[in-house]
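Q: Pasting a structure below so you can have a look.
Protein chains: 2
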Amino acid sequence: MIAYRNLRVALLGAGSVGAQVATLLTEHHDELASRVGAGLDLVGIAVRDVDAPRSAPLDPALLTTDAMSLIESADIVIELMGGIEPARSYILHALNSGADVVTGNKALLAAHGPELQAAAEQVGAQVYYEAAVAGAIPIIRPLRESLAGDRVKRILGIVNGTTNFILDKMDVEGDTFENALAVATELGYAEADPTADIEGYDAAQKAAILARLAFHTDVPVEAVHREGITTITAAQVSQAQKAGYVVKLLAICERLTDPETGVEGVSARVYPALISRQHPLAAVHGGKNAVFVEAEAAGDLMFYGAGAGGIETASAVLGDVVSAARRHVAGGPGVAETTHANLTILPIDSVSTRYQITLEVSDAPGVLARIASLFSEHGVSVEAVQQSVASVGPDAVAAGTPDGSGTATLVIVTHIASERALSRTVAAIADQKVVVRVESVLRVEGA
Amino acid sequence: MIAYRNLRVALLGAGSVGAQVATLLTEHHDELASRVGAGLDLVGIAVRDVDAPRSAPLDPALLTTDAMSLIESADIVIELMGGIEPARSYILHALNSGADVVTGNKALLAAHGPELQAAAEQVGAQVYYEAAVAGAIPIIRPLRESLAGDRVKRILGIVNGTTNFILDKMDVEGDTFENALAVATELGYAEADPTADIEGYDAAQKAAILARLAFHTDVPVEAVHREGITTITAAQVSQAQKAGYVVKLLAICERLTDPETGVEGVSARVYPALISRQHPLAAVHGGKNAVFVEAEAAGDLMFYGAGAGGIETASAVLGDVVSAARRHVAGGPGVAETTHANLTILPIDSVSTRYQITLEVSDAPGVLARIASLFSEHGVSVEAVQQSVASVGPDAVAAGTPDGSGTATLVIVTHIASERALSRTVAAIADQKVVVRVESVLRVEGA
Numbered sequence: 009m010i011a012y013r014n015l016r017v018a019l020l021g022a023g024s025v026g027a028q029v030a031t032l033l034t035e036h037h038d039e040l041a042s043r044v045g046a047g048l049d050l051v052g053i054a055v056r057d058v059d060a061p062r063s064a065p066l067d068p069a070l071l072t073t074d075a076m077s078l079i080e081s082a083d084i085v086i087e088l089m090g091g092i093e094p095a096r097s098y099i100l101h102a103l104n105s106g107a108d109v110v111t112g113n114k115a116l117l118a119a120h121g122p123e124l125q126a127a128a129e130q131v132g133a134q135v136y137y138e139a140a141v142a143g144a145i146p147i148i149r150p151l152r153e154s155l156a157g158d159r160v161k162r163i164l165g166i167v168n169g170t171t172n173f174i175l176d177k178m179d180v181e182g183d184t185f186e187n188a189l190a191v192a193t194e195l196g197y198a199e200a201d202p203t204a205d206i207e208g209y210d211a212a213q214k215a216a217i218l219a220r221l222a223f224h225t226d227v228p229v230e231a232v233h234r235e236g237i238t239t240i241t242a243a244q245v246s247q248a249q250k251a252g253y254v255v256k257l258l259a260i261c262e263r264l265t266d267p268e269t270g271v272e273g274v275s276a277r278v279y280p281a282l283i284s285r286q287h288p289l290a291a292v293h294g295g296k297n298a299v300f301v302e303a304e305a306a307g308d309l310m311f312y313g314a315g316a317g318g319i320e321t322a323s324a325v326l327g328d329v330v331s332a333a334r335r336h337v338a339g340g341p342g343v344a345e346t347t348h349a350n351l352t353i354l355p356i357d358s359v360s361t362r363y364q365i366t367l368e369v370s371d372a373p374g375v376l377a378r379i380a381s382l383f384s385e386h387g388v389s390v391e392a393v394q395q396s397v398a399s400v401g402p403d404a405v406a407a408g409t410p411d412g413s414g415t416a417t418l419v420i421v422t423h424i425a426s427e428r429a430l431s432r433t434v435a436a437i438a439d440q441k442v443v444v445r446v447e448s449v450l451r452v453e454g455a
Numbered sequence: 009m010i011a012y013r014n015l016r017v018a019l020l021g022a023g024s025v026g027a028q029v030a031t032l033l034t035e036h037h038d039e040l041a042s043r044v045g046a047g048l049d050l051v052g053i054a055v056r057d058v059d060a061p062r063s064a065p066l067d068p069a070l071l072t073t074d075a076m077s078l079i080e081s082a083d084i085v086i087e088l089m090g091g092i093e094p095a096r097s098y099i100l101h102a103l104n105s106g107a108d109v110v111t112g113n114k115a116l117l118a119a120h121g122p123e124l125q126a127a128a129e130q131v132g133a134q135v136y137y138e139a140a141v142a143g144a145i146p147i148i149r150p151l152r153e154s155l156a157g158d159r160v161k162r163i164l165g166i167v168n169g170t171t172n173f174i175l176d177k178m179d180v181e182g183d184t185f186e187n188a189l190a191v192a193t194e195l196g197y198a199e200a201d202p203t204a205d206i207e208g209y210d211a212a213q214k215a216a217i218l219a220r221l222a223f224h225t226d227v228p229v230e231a232v233h234r235e236g237i238t239t240i241t242a243a244q245v246s247q248a249q250k251a252g253y254v255v256k257l258l259a260i261c262e263r264l265t266d267p268e269t270g271v272e273g274v275s276a277r278v279y280p281a282l283i284s285r286q287h288p289l290a291a292v293h294g295g296k297n298a299v300f301v302e303a304e305a306a307g308d309l310m311f312y313g314a315g316a317g318g319i320e321t322a323s324a325v326l327g328d329v330v331s332a333a334r335r336h337v338a339g340g341p342g343v344a345e346t347t348h349a350n351l352t353i354l355p356i357d358s359v360s361t362r363y364q365i366t367l368e369v370s371d372a373p374g375v376l377a378r379i380a381s382l383f384s385e386h387g388v389s390v391e392a393v394q395q396s397v398a399s400v401g402p403d404a405v406a407a408g409t410p411d412g413s414g415t416a417t418l419v420i421v422t423h424i425a426s427e428r429a430l431s432r433t434v435a436a437i438a439d440q441k442v443v444v445r446v447e448s449v450l451r452v453e454g455a
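Okay, here's the thing in structure tokens:
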């Protein structure tokens with residue numbers, strides 16, 4: 009039964025997601041009306057250039073460059089333009105005009121989320137953003153509502169499809185980073201300028217959004233420690249494989265206590281890390297995303313699916329549109345989001361995890377004992393050491409090892425240690441004459 | 009800022025989940041108050057016998073046998089008694105007294121869900137039941153809200169931890185069903201009377217609930233086709249393994265069109281099936297649950313986590329309590345559930361899937377050709393046939409194969425075929441002299 013007037017929906021942006029949203033709103037009009045109890049009429053699509061080529065055919069009569077007038081006429085505004093401005097001003101204008109807002113704009117939410125939420129709260133409107141993190145995967149609503157009575161301890165997320173595609177290709181095919189990136193670009197998984205993805209900026213924005221929701225604490229994106237995947241080599245991936253690990257770019261949000269200062273707080277960080285091949289996240293291949301949540305009562309949960317794609321992301325947008333529309337019809341709760349917890353945001357130094365350190369050392373008696381004692385002196389406990397068969401490679405010759413002997417590779421995996429203790433240990437090791445090179449230091453996550 | 013009066017929460021039932029809910033409500037009182045904007049006061053716990061032993065210490069002053077008076081005094085009623093009556097009457101009484109209801113009672117929801125939803129809608133109250141399916145895993149809210157703008161095509165769920173534990177043990181350790189069940193009982197994964205789990209009744213209730221939500225259509229539990237796992241043998245599991253499959257008890261909800269009648273509708277069914285070891289559901293081990301959702305726009309999604317356990321399920325209950333409480337504080341939308349679609353519920357005969365048929369046949373020339381032609385005559389296309397090395401086993405001797413030769417095992421995997429065509433084919437095959445025995449017919453899902 010449809011008892012309510014039709015609702016006016018305005019769309020800002022007609023890129024790949026926007027075009028799909030427009031198509032679905034039109035094609036599924038009657039079905040959505042039944043679910044909502046009111047028709048959802050797409051009344052206009054604001055674009056920069058009405059004559060630009062589109063990925064899907066759109067009704068030209070809907071296109072307009074006058075976003076502000078369109079916004080003022082709408083009950084629900086869908087913002088899919090991306091970028092900070094004018095998206096931010098448009099959303100504020102929509103809220104102040106009494107509309108609810110649905111957005112997939114992670115950059116804007118990471119930078120101005122608190123401002124938008126405050127504006128919404130002031131006028132009793134809502135900002136929905138299921139599409140902003142992990143595309144089609146429902147993760148915002150589960151965190152905001154389903155887990156609202158629990159305490160999230162940690163989130164490990166594969167939230168960037170481009171880097172997961174690249175790392176998966178390196179893992180499965182033994183590819184180099186450069187080749188895997190080239191293929192990702194060719195197949196459309198990576199953009200012409202892939203910096204935002206491969207340097208972890210995109211994942212960091214998502215980490216900021218997830219941490220805010222999980223910990224009821226504002227986490228500015230600048231506070232997210234960020235390392236990209238550009239330094240990951242085929243050798244590292246293959247070595248990880250042999251040791252039963254896989255390299256993934258992880259967005260990690262964690263409640264923790266700094267082991268030295270005793271300060272309690274939260275950490276949000278993005279870096280490539282090793283995880284066990286037995287971990288559910290290890291089975292996330294190609295451009296897929298997954299978010300692994302460890303909660304105090306619920307235990308371990310995982311949410312898996314498509315992290316990007318026009319039609320997949322459009323599904324998340326439409327779910328939000330239906331929620332917003334039901335609120336219009338039935339009257340709805342205020343923004344179910346608070347940052348009352350206001351926890352301290354801890355720097356990467358406060359974090360403790362496991363590490364894999366790969367060293368090229370001179371192949372002389374007593375070297376292993378010397379390295380082991382350095383770990384012990386810095387309070388870092390060693391879980392496993394693997395020493396490769398000694399070899400006299402070009403590196404050893406070039407490096408001129410002290411005693412003219414060959415070199416060996418040591419791969420050391422530690423027990424849980426703090427970043428501080430680990431840094432000091434690695435600095436002391438690098439200082440040793442018998443150490444030709446610290447080849448890599450990678451974190452091991454998911455324990 | 010707490011600006012609202014405290015809300016009165018009544019708990020019905022103090023079993024393993026109820027006791028955890030009571031503990032968490034008390035211990036996390038201030039934290040939950042901050043999240044809701046109002047304190048949640050547990051005002052009483054209705055039990056059958058106030059002196060019965062409890063799994064967790066509860067404040068004796070809260071215990072009462074007068075459920076009706078307790079219900080009348082509450083803003084939110086949490087029903088965790090299980091069973092149909094008096095749970096149903098209590099919930100109706102709560103709704104009519106103006107309270108919102110949170111329940112984890114899958115049997116009641118599967119049997120009387122429409123009645124409860126109608127009662128709630130009439131008074132503008134809500135029934136929340138995230139805990140009823142897949143324990144701690146948020147699946148109700150994602151289906152009801154996140155995917156509300158999409159079209160669900162199919163759900164494949166591992167929604168019963170007991171049977172997954174048993175089948176996983178058979179798969180990993182080569183155990184028999186009987187032994188695996190004995191271990192499950194010993195470890196507390198199976199109840200003293202395991203019928204509800206191993207015969208698929210529990211999974212069928214969950215399938216009815218999921219199908220209703222996914223397809224906006226009432227699906228009575230009696231309409232759910234149900235087969236249990238008691239006939240699954242170690243030999244079947246091992247044969248599945250060799251062929252790259254694993255046996256799982258699946259709850260399947262699907263939109264489909266009957267291939268013969270052309271009738272469109274939905275199917276809800278529960279049976280043990282083979283799925284590829286590459287499918288994400290194959291990696292769901294032990295007592296864990298997972299729900300794999302295939303949606304038109306969102307593509308494939310999976311939700312994974314603990315399907316049972318007192319504290320895990322309590323997390324889902326508390327998430328619902330917080331949602332209900334926020335609605336009290338902010339005012340909230342009516343029940344966001346409709347069965348407007350009212351689709352036809354199709355019987356198992358309308359379903360099409362792939363099949364694995366294992367036959368013991370006499371090891372004579374031309375047998376394979378004869379069997380293959382029977383498939384072809386019934387319009388069932390064969391994907392693969394594997395014939396074991398011929399053997400003269402006791403079965404062959406006992407069966408007295410027509411020509412006195414030994415027997416061979418044929419394992420045939422079909423392409424997608426309808427249940428009707430498959431049944432006819434199997435009947436015709438069983439009729440053949442050269443067929444000693446149809447050892448098993450298993451469905452292959454997840455393609």
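Line order of the protein sequences matches chains E and P.
Residue 218 in our numbering sits at position 210 of the first sequence; the count goes up by one each step and never skips.
Residue 294 in our numbering sits at position 286 of the second sequence; the count goes up by one each step and never skips.
Backbone N, C-alpha and C fix where the C-beta goes; we use that ideal spot for every residue, glycine too.
#1: Let me know if S358(E) comes out buried or exposed under the rule of 16 or more other beta-carbons within 10 Å of its beta-carbon.
#2: Give the single residue among D210(P), A242(P) and V245(P) whose Cα lies nearest to the Cα of E230(P).
#3: Quick check: L282(P) and V255(P), are their CB atoms within less than 9 Å of each other?
#4: D158(E) touches chain P at which residues, Cβ-Cβ below 8 Å?
#5: Measuring alpha carbon to alpha carbon, tell me which of R432(E), S360(E), A198(E) and F223(E) ends up nearest F383(E).
#6: Which of helix, strand or coil does DSSP assign to E262(P)?
#7: In this structure, does DSSP put T417(P) in helix, strand or coil?
#8: Can you tell me which residues form a DSSP beta bridge with T462(E)?
#9: At the 9 Å Cβ level, is S24(E) part of the contact set with chain P, yes or no?
#10: Starting from S97(P), trace the alpha helix (DSSP H) both ways and give me its first and last residue.
#11: Determine the chain P residues that contact G313(E) at a beta-carbon separation under 8 Å, and present them in chain order.
#12: Could you name the residues of chain E that L40(P) contacts, counting a contact when the two beta carbons are closer than 8 Å?
#13: Less than 9 Å between CB atoms is the rule here; does E153(E) satisfy it with respect to chain P?
#14: Here's the rule: buried if 16 or more other CB atoms are within 10 angstroms of the residue's CB, otherwise exposed. What is V131(P)?
#15: Quick check on the burial criterion: 16 or more other C-beta atoms within 10 angstroms. Buried or exposed for N168(P)?
#16: Is V442(P) helix, strand or coil by DSSP?
#17: Specify, as a first and last residue, the run of the beta strand (DSSP E) that T111(E) falls within.
#18: I'd like to know whether the C-beta atoms of L175(E) and A140(E) end up nearer to each other than 9 Å.
#19: For T72(E), I'd like the list of residues in its chain whose CB is within less than 8 Å of its CB, leaving aside the five on either flank, ordered along the chain.
#20: I'd like to know if the stretch 365 to 378 of chain E and the stretch 439 to 446 of chain E are in contact, where contact means that at least 3 CB-CB pairs between them fall below 8 Å.
#21: For P355(E), tell me which candidate among E427(E), V419(E) and E302(E) has the shortest Cα-Cα distance.
#22: Any beta carbon from chain E within less than 9 Å of H36(P)'s own beta carbon?
#23: Let me check understanding here. Comparing Cα to Cα, which of P373(E), D328(E) and G317(E) lies closest to E199(E)?
#24: Assuming A115(P) and G90(P) form a contact by the criterion Cβ under 8 Å, report the distance between their Cβ atoms to the nearest whole angstrom.
#25: What are the start and end residues of the beta strand (DSSP E) that includes I240(E)?
#26: Using a threshold of 9 Å, state whether the C-beta atoms of L103(E) and L88(E) are closer than that.
#27: For K250(P), is the classification buried or exposed, using 16 other Cβ atoms within 10 angstroms of its Cβ as the cut-off for buried?
#28: Taking Cβ positions, are G270(P) and N172(P) nearer each other than 9 Å?
#29: Less than 9 Å between the C-beta atoms of V110(E) and V329(E), yes or no?
#30: Can you tell me the Cα-Cα spacing of V278(E) and Y312(P), whole angstroms?
#31: Can you have a look at A404(P) and say buried or exposed, based on whether 16 or more other CB atoms are within 10 angstroms of its CB?
#32: Indicate the three-state DSSP secondary structure (helix, strand or coil) for L40(E) in the structure shown.
#33: Beta-carbon of R285(P) versus every beta-carbon of chain E: anything under 9 Å?
#34: With DSSP collapsed to three states, give me the class of V85(E).
#35: Check the Cβ-Cβ distances between I53(P) and every residue of chain E, and say whether any is below 9 Å.
A: Let's see:
#1: Here residue 358(E) is taken as the residue at index 350 of the first sequence, counted from 1. With 16 or more Cβ atoms within 10 Å of its Cβ, S358(E) is classed as buried.
#2: Translated into positions along the second sequence, residue 230(P) becomes position 222. For E230(P), the nearest C-alpha among the options comes from D210(P).
#3: Indexing the second sequence from 1 puts residue 282(P) at position 274. Indexing the second sequence from 1 puts residue 255(P) at position 247. Between L282(P) and V255(P), the CB-CB gap stays under 9 Å.
#4: On the first sequence, residue 158(E) is found 150 positions in, with the first residue counted as 1. S323, L326 and G327, listed in chain order.
#5: The residue labelled residue 383(E) in the question sits at position 375 within the first sequence. Considering only alpha carbons, the answer is R432(E).
#6: Counting from one through the second sequence, the residue named residue 262(P) turns up at place 254. DSSP, read as helix, strand or coil, puts E262(P) in strand.
#7: To locate residue 417(P), count along the second sequence from 1; it is residue 409. In this structure, T417(P) counts as strand in the three-state DSSP scheme.
#8: The question about residue 462(E) has no answer here: the residues shown for chain E are numbered 9 through 455.
#9: Start at 1 with the first residue of the first sequence, and residue 24(E) comes out as number 16. No, its Cβ sits nowhere closer than 9 Å to a Cβ of chain P.
#10: Working through the second sequence from its first residue, we reach residue 97(P) at position 89. Here the alpha helix (DSSP H) through S97(P) covers A95 to N104.
#11: If you number the first sequence from 1, residue 313(E) lands on position 305. Here the neighbours are A306, G307, D308, L309 and M310.
#12: As a first step, residue 40(P) is located in the second sequence; it is residue number 32 there, counting from the start. For a Cβ distance threshold of 8 Å, residue set G157 of chain E lies close to L40(P), ordered along the chain.
#13: Residue numbering aside, residue 153(E) sits at position 145 when the first sequence is read from its first letter. Answer yes: the Cβ-Cβ gap between E153(E) and chain P drops below 9 Å somewhere.
#14: Here residue 131(P) is taken as the residue at index 123 of the second sequence, counted from 1. Classification for V131(P): exposed.
#15: Your numbering for residue 168(P) matches position 160 in the second sequence. Residue environment for N168(P): buried (at least 16 other C-beta atoms within 10 angstroms of its C-beta).
#16: The residue given as residue 442(P) occupies position 434 in the second sequence. In this structure, V442(P) counts as coil in the three-state DSSP scheme.
#17: Your numbering for residue 111(E) matches position 103 in the first sequence. Note, T111(E): beta strand (DSSP E), D108 to T111.
#18: Indexing the first sequence from 1 puts residue 175(E) at position 167. Indexing the first sequence from 1 puts residue 140(E) at position 132. No; because the gap between Cβ atoms is not below 9 Å, this pair is not in contact.
#19: Start at 1 with the first residue of the first sequence, and residue 72(E) comes out as number 64. Taking C-beta separations shorter than 8 Å and ignoring five residues to either side along the sequence, the partners of T72(E) in its chain run G52, I53, A54, V55, V58 and L78, following chain order.
#20: Counting C-beta pairs closer than 8 Å gives three or more between the stretch 365 to 378 of chain E and the stretch 439 to 446 of chain E, which meets the contact rule.
#21: The residue you call residue 355(E) lines up with position 347 of the first sequence. P355(E) has its Cα closest to that of E427(E), out of E427(E), V419(E) and E302(E).
#22: Position 28 of the second sequence, counted from the start, is the residue given in the question as residue 36(P). True, the Cβ-Cβ gap to chain E drops below 9 Å.
#23: Within the first sequence, the letter at position 191 stands for residue 199(E). In this structure, G317(E) is the residue among P373(E), D328(E) and G317(E) with its C-alpha nearest to the C-alpha of E199(E).
#24: Position 107 of the second sequence, counted from the start, is the residue given in the question as residue 115(P). Position 82 of the second sequence, counted from the start, is the residue given in the question as residue 90(P). For A115(P) against G90(P), the beta-carbon gap comes to about 7 Å, under 8 Å, which counts as contact.
#25: Within the first sequence, the letter at position 232 stands for residue 240(E). Counted as a single uninterrupted DSSP element, the stretch harbouring I240(E) is not any beta strand (DSSP E), since DSSP gives it neither H nor E.
#26: As a first step, residue 103(E) is located in the first sequence; it is residue number 95 there, counting from the start. As a first step, residue 88(E) is located in the first sequence; it is residue number 80 there, counting from the start. Cβ atoms of L103(E) and L88(E): not closer than 9 Å.
#27: Working through the second sequence from its first residue, we reach residue 250(P) at position 242. Under the 10 Å beta carbon count, K250(P) is surrounded by fewer than 16 other beta carbons and is classified as exposed.
#28: Taking the first residue of the second sequence as 1, we reach residue 270(P) at position 262. Taking the first residue of the second sequence as 1, we reach residue 172(P) at position 164. No, they are not a contact pair.
#29: Against the first sequence, residue 110(E) aligns to sequence position 102. Against the first sequence, residue 329(E) aligns to sequence position 321. The answer is yes: Cβ separation under 9 Å.
#30: Counted from its first residue, the first sequence places residue 278(E) at position 270. Counted from its first residue, the second sequence places residue 312(P) at position 304. For V278(E) and Y312(P), the gap between their C-alpha atoms comes out near 23 Å.
#31: On the second sequence, residue 404(P) is found 396 positions in, with the first residue counted as 1. Bear in mind that a pLDDT of 44 at A404(P), under 50, signals an unreliable position, so the number given afterwards is only what the model happens to contain. By the 16-neighbour rule on beta-carbons within 10 angstroms, A404(P) is buried.
#32: Along the first sequence, read from residue 1 onward, the residue named residue 40(E) stands at position 32. Note: L40(E) maps to helix in three-state DSSP.
#33: Mapped onto the second sequence, residue 285(P) falls at position 277. No, because no Cβ of chain E sits closer than 9 Å to the Cβ of R285(P).
#34: Looking up residue 85(E) in the first sequence gives position 77. Correct three-state label for V85(E): strand.
#35: Position 45 of the second sequence holds residue 53(P). So, not an interface residue.
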